[in-house]
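Chemist: Protein chains in written order, with my numbering: chain A, 1 to 98; chain B, 1 to 465.
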Amino acid sequence: MFRRLQTHQGKVVTVCVEGNDVRVPAGDSVAAVMLAMDLLPTRTTAVSGAPRAPLCMMGVCFECLIEIDGVANQLACQVQVSEGMRIRRQHGAGDPAS
Amino acid sequence: MNAPRELVIIGAGPAGMAAASTAAGLGVDTLVLDQQPAPGGQIFRGIGQAGPAHLELLGSDYQAGTERVASFVHSSADYQPDTAVWSLGADGELGILQRGEARMISARRVVIAGGAMERPIPFPGWTLPGVMNAGGAQVLMKSSRLVPLDGVVIAGSGPLLILLAWQYMRAGVAVQAVLELAPRKNLWRAGLRLPAALRAGHYLTRGLGYLLALRRAGIRVTYGVSDLKAVGNDRLEAVTFRTGGREQSLETGNLLVHFGLVPGIQLTEAAGCRHQWNDGQQCWRPQTDAWGNSSVDGIAVVGDGAAIGGAVAAVHAGCLAGLEAARALEHIDAAERDRLAVNDRQWLQNDLRIRPFLESLHRLPETLLSGTADDTLVCRCEEITAGEVRAAVRAGHRDPNQVKFITRCGMGPCQGRQCGQAVANIVAAACDRPVSEVVPFRVRPPLRPVSIGELSMLESGNNTA
Chain A
1 MFRRLQTHQG KVVTVCVEGN DVRVPAGDSV AAVMLAMDLL PTRTTAVSGA
51 PRAPLCMMGV CFECLIEIDG VANQLACQVQ VSEGMRIRRQ HGAGDPAS
Chain B
1 MNAPRELVII GAGPAGMAAA STAAGLGVDT LVLDQQPAPG GQIFRGIGQA
51 GPAHLELLGS DYQAGTERVA SFVHSSADYQ PDTAVWSLGA DGELGILQRG
101 EARMISARRV VIAGGAMERP IPFPGWTLPG VMNAGGAQVL MKSSRLVPLD
151 GVVIAGSGPL LILLAWQYMR AGVAVQAVLE LAPRKNLWRA GLRLPAALRA
201 GHYLTRGLGY LLALRRAGIR VTYGVSDLKA VGNDRLEAVT FRTGGREQSL
251 ETGNLLVHFG LVPGIQLTEA AGCRHQWNDG QQCWRPQTDA WGNSSVDGIA
301 VVGDGAAIGG AVAAVHAGCL AGLEAARALE HIDAAERDRL AVNDRQWLQN
351 DLRIRPFLES LHRLPETLLS GTADDTLVCR CEEITAGEVR AAVRAGHRDP
401 NQVKFITRCG MGPCQGRQCG QAVANIVAAA CDRPVSEVVP FRVRPPLRPV
451 SIGELSMLES GNNTA
């Protein structure tokens, strides 16, 4: 679990995480938001349903795959939050039916 | 496709920024493509937003980035952030992805400055949420001011371990333990390289300073650790390890691991550059000459993407590649290039004197590289264990690419970035061959997943850069 060093004083945006509106620093990646809110695991795997969370934070491990604005398999660590963004944990391959 | 750009630089870390500033300063039409939202690379992540307190907390190496980024921003180079490169041909044609649109651009010359990644070492429990790469956690601190809430265990090998522990200590984070997994006998080998390292002694002084500060704060650095395991059901609950012949266990919610850096070779592999095994750094690297030129005409590679040398060396190597680009594009002649290169070449040589010492000190044992337990996942994407890789070798598939076809190991979304080196090491050991003789996973575009929707923009003719 992570905490913020200082209270954020800069620009904030409102995003919808797992159906709840939250205000987060504008420069955060989606992965940072999930880790700050301690919403782990951020996904389950397509192969066995195992729980996973962001690992590399630099776009090379693809462990942080997540659903953003209804589109699955986005890299949470490479996408910055924006106003009104909808973020959901991803289950398996990201098919809404799964 | 538009007219080719003179020079396209991939990556805006220390090497890419330096190459771009240098080339643009000599009149070269320079385009910089960066996967990140702002310049600085991983080492200077978030530096544009960092206030004085944050700069002070992260230390002098990070602070140096302010000036580097400013001089890049003030150059005439055309900077395009949030841009992923998904293909690179030997002819200088690049497939890029920007704002959900794929397009092709063309360059007369390409400098790859894509940097390094943390060396993936599979160990039991490494896929559990709560286990993260230490460099990744440092990115969270740099760009989002996030630090572990409760305790944290930092494990692996490399200078980053004590730097991160020191930064966390200053931020008031409870560092439960720092576990160094390189064998103790490395100290002797490193000792032989100490005299040369003393000529880049500021690195040693700084490292010792961090160690002393940690000791004064009562933070334990344990050497000669083995058998690292992350334990938990759906989430990390504890870390177990062996030291001094005894098994130990620490309850923790955060394990940060780091086993050094390795060049990211996806782009150079895709472009058909020749690679060689770098025994000192225990990884592959693209072959380069003294100017960063790869084996493919018109493609250079500099910085930690060529060989791990750190941020300062990357700056000097970047300047040299910028000069060489200006020469190749006929903005300056060879004599002018050589004259302008004198200082950077000297500084580069001086700075790299620390490397043989660090490489010997943090050399990883074969148990970590190829001794992965049979039931440990090697391929995180396709969930293939070391045992399955060995079984494939026993069945006659004595090559990483054959193992890939037969097991799907390396065929998931990360395209073998995480498992490629481990598979090569395990296959080599199982075949009783040196890993330098093994052919790594072949890399083909797209280098990252691109959707049909994104690719469809290529058809529409909407492909101006």
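Glycine included, C-beta positions come from ideal geometry on N, C-alpha and C. These numbers come from a predicted model, not from an experiment.
1. According to the neighbour-count rule (16 or more other Cβ atoms, all chains shown, within 10 Å of its Cβ), is Thr7 of chain A buried or exposed?
2. Quick one: any contact between the segment 382-400 of chain B and the segment 414-426 of chain B, if contact means 3 or more CB pairs under 8 Å?
3. One question on the structure: do Gly41 of chain B and Ala12 of chain B come within less than 8 Å of each other, judged by their Cβ atoms?
4. So Ile426 of chain B and Val450 of chain B are in contact, right, with Cβ under 8 Å, and what is the actual spacing, rounded?
5. Roughly how many angstroms separate the alpha carbons of Asp188 of chain B and Arg89 of chain A, rounded to a whole number?
6. Are there 16 or more other CB atoms within 10 angstroms of the CB of Ile452 of chain B, so buried, or fewer, so exposed?
7. For Leu194 of chain B, which residues from the same chain have a beta carbon less than 7 Å from its beta carbon, with the 5 sequence-adjacent residues on both sides left out?
8. Mark Asn343 of chain B as exposed unless 16 or more other C-beta atoms lie within 10 angstroms of its C-beta, in which case mark it buried.
9. Does any residue of chain A have a CB that is nearer than 8 Å to the CB of Met117 of chain B?
10. Anything in chain B within Cβ reach of Glu63 of chain A, meaning under 7 Å, just list it in chain order.
11. If the cut-off is 8 Å on Cβ atoms, which residues from the segment 137-156 of chain B count as contacting chain A, listed in chain order?
12. Report the residues of the segment 253-283 of chain B with a CB closer than 8 Å to any CB of chain A, ordered along the chain.
13. DSSP three-state call for Asn254 of chain B: helix, strand or coil?
14. From what residue to what residue does the beta strand (DSSP E) around Thr83 of chain B run?
15. Can you tell me whether Asn462 of chain B is buried or exposed, with buried defined as 16 or more other CB within 10 angstroms of its CB?
16. Is Ala97 of chain A close to chain B? Criterion is C-beta to C-beta, closer than 8 Å.
17. Taking 8 Å as the cut-off, decide whether the C-beta atoms of Ala317 of chain B and Arg327 of chain B are in contact.
18. List, in order along the chain, the chain A residues whose C-beta lies closer than 9 Å to that of Met132 of chain B?
19. Please identify, using Cβ separations under 9 Å, the residues of the segment 49-63 of chain B that lie next to chain A, in order along the chain.
20. Closer than 8 Å by beta-carbon distance: list the chain B residues that pair up with Gly92 of chain A, in chain order.
21. Kindly give me the distance between the Cβ atoms of Pro54 of chain A and Gly136 of chain B, rounded to whole angstroms, as I take these residues to be in contact under 8 Å.
22. Would you verify that the beta carbon of Pro440 of chain B is, or is not, closer than 8 Å to some beta carbon of chain A?
23. Give the interface partners of Asp234 of chain B over in chain A, defined as CB-CB distance under 8 Å, in chain order.
24. For Thr14 of chain A, report the span of its beta strand (DSSP E) as first-last.
25. Between B:Trp86, B:Leu26, B:Ala24, which lies nearest to Asp34 of chain B when the distance is taken from Cα to Cα?
26. When the Cα atoms are used, what is the spatial distance from Val111 of chain B to Ala70 of chain B?
27. How about Met1 of chain A: is its C-beta nearer than 8 Å to some C-beta of chain B?
28. With DSSP collapsed to three states, give me the class of Gly59 of chain B.
29. Could you tell me the distance, in whole angstroms, from the CA atom of Leu255 of chain B to the CA atom of Pro129 of chain B?
30. Thinking Ala175 of chain A and Ser144 of chain B are a contact (beta carbons under 8 Å), I'd like their distance in whole angstroms, please.
31. With three or more C-beta pairs closer than 8 Å as the rule, is the segment 219-230 of chain B touching the segment 100-117 of chain B?
32. Would you mind stating whether Leu236 of chain B and Val131 of chain B have Cβ atoms separated by less than 8 Å?
33. Would the beta-carbon of Leu348 of chain B fall within 8 Å of that of Arg337 of chain B?
34. Find the nearest neighbour of Gln74 of chain A within the set A:Met1, A:Asp21, A:Ala93, judged by alpha-carbon distance.
35. Could you tell me whether any Cβ in chain A is nearer than 8 Å to the Cβ of Ala424 of chain B?
36. Taking 8 Å as the cut-off, decide whether the C-beta atoms of Leu57 of chain B and Gln167 of chain B are in contact.
Modeler: Reading off the structure:
1. Its Cβ having fewer than 16 others within 10 Å, Thr7 of chain A is exposed.
2. Yes, the segment 382-400 of chain B is in contact with the segment 414-426 of chain B.
3. Contact: yes.
4. So it is not a contact: roughly 30 Å between Cβ atoms.
5. In the sequence as presented, Asp is not what sits at residue 188 of chain B; that position holds Trp. Pairing Trp188 of chain B with Arg89 of chain A, the inter-Cα distance amounts to about 48 Å.
6. Result: exposed.
7. Its chain contains Phe357 as the residues whose beta carbon lies nearer than 7 Å to that of Leu194 of chain B, once the 5 sequence neighbours on both sides are disregarded; these appear in chain order.
8. In this structure Asn343 of chain B is exposed. Its beta-carbon is surrounded by fewer than 16 other beta-carbon atoms within 10 angstroms.
9. At least one beta carbon of chain A lies nearer than 8 Å to the beta carbon of Met117 of chain B.
10. Below the 7 Å Cβ cutoff, chain B contributes Arg380 as neighbours of Glu63 of chain A, in chain order.
11. Listed by position, the residues of the segment 137-156 of chain B near chain A (Cβ gap below 8 Å) are Ala137, Val139, Leu140, Met141, Ser143, Ser144, Arg145, Leu146, Val147, Pro148, Leu149, Asp150.
12. The segment 253-283 of chain B vs chain A, Cβ under 8 Å: Gly253, Asn254, Gly264.
13. Note: Asn254 of chain B maps to coil in three-state DSSP.
14. 83-88 is the extent of the beta strand (DSSP E) around Thr83 of chain B.
15. In this prediction, Asn462 of chain B scores a pLDDT of 49, lower than 50, which makes its location untrustworthy; no coordinate-derived value is stated.
16. A caution first: Ala97 of chain A carries a pLDDT of 43, below 50, which makes its placement in the model unreliable, though a value can still be read off. So, not an interface residue.
17. Note that the C-beta distance between Ala317 of chain B and Arg327 of chain B is not below 8 Å.
18. Ordered by position in chain A, the residues that pass the 9 Å Cβ test against Met132 of chain B are Leu35, Ala53, Pro54, Leu55, Cys56, Met57.
19. So the list reads Gln49, Gly51, Ala53, His54, Leu57, given in the order they occur along the chain.
20. By Cβ distance, chain B contributes nothing, its closest Cβ being about 12 Å from Gly92 of chain A, past 8 Å.
21. Right, the Cβ-Cβ distance comes to about 7 Å (below 8 Å), so this counts as a contact.
22. Chain A, which has no Cβ nearer than 8 Å to the Cβ of Pro440 of chain B, makes this no.
23. Correct list: Pro41, Pro51.
24. Here the beta strand (DSSP E) through Thr14 of chain A covers 12-17.
25. Nearest to Asp34 of chain B by C-alpha distance, out of B:Trp86, B:Leu26, B:Ala24, is B:Trp86.
26. Those two C-alpha atoms are separated by around 21 Å.
27. At a cut-off of 8 Å between beta carbons, Met1 of chain A contacts chain B.
28. Coil.
29. When only Cα atoms are considered, Leu255 of chain B and Pro129 of chain B end up about 9 Å apart.
30. Past the edges of chain A, shown from 1 to 98, lies residue 175 of chain A, and the structure says nothing about it.
31. These segments do not touch.
32. A contact, by the Cβ cut-off of 8 Å.
33. Taking C-beta atoms as the reference points, Leu348 of chain B and Arg337 of chain B fail to come closer than 8 Å.
34. The alpha carbon of Gln74 of chain A has as its nearest neighbour, out of A:Met1, A:Asp21, A:Ala93, the alpha carbon of A:Ala93.
35. So no, Ala424 of chain B is outside the interface.
36. A contact, by the Cβ cut-off of 8 Å.
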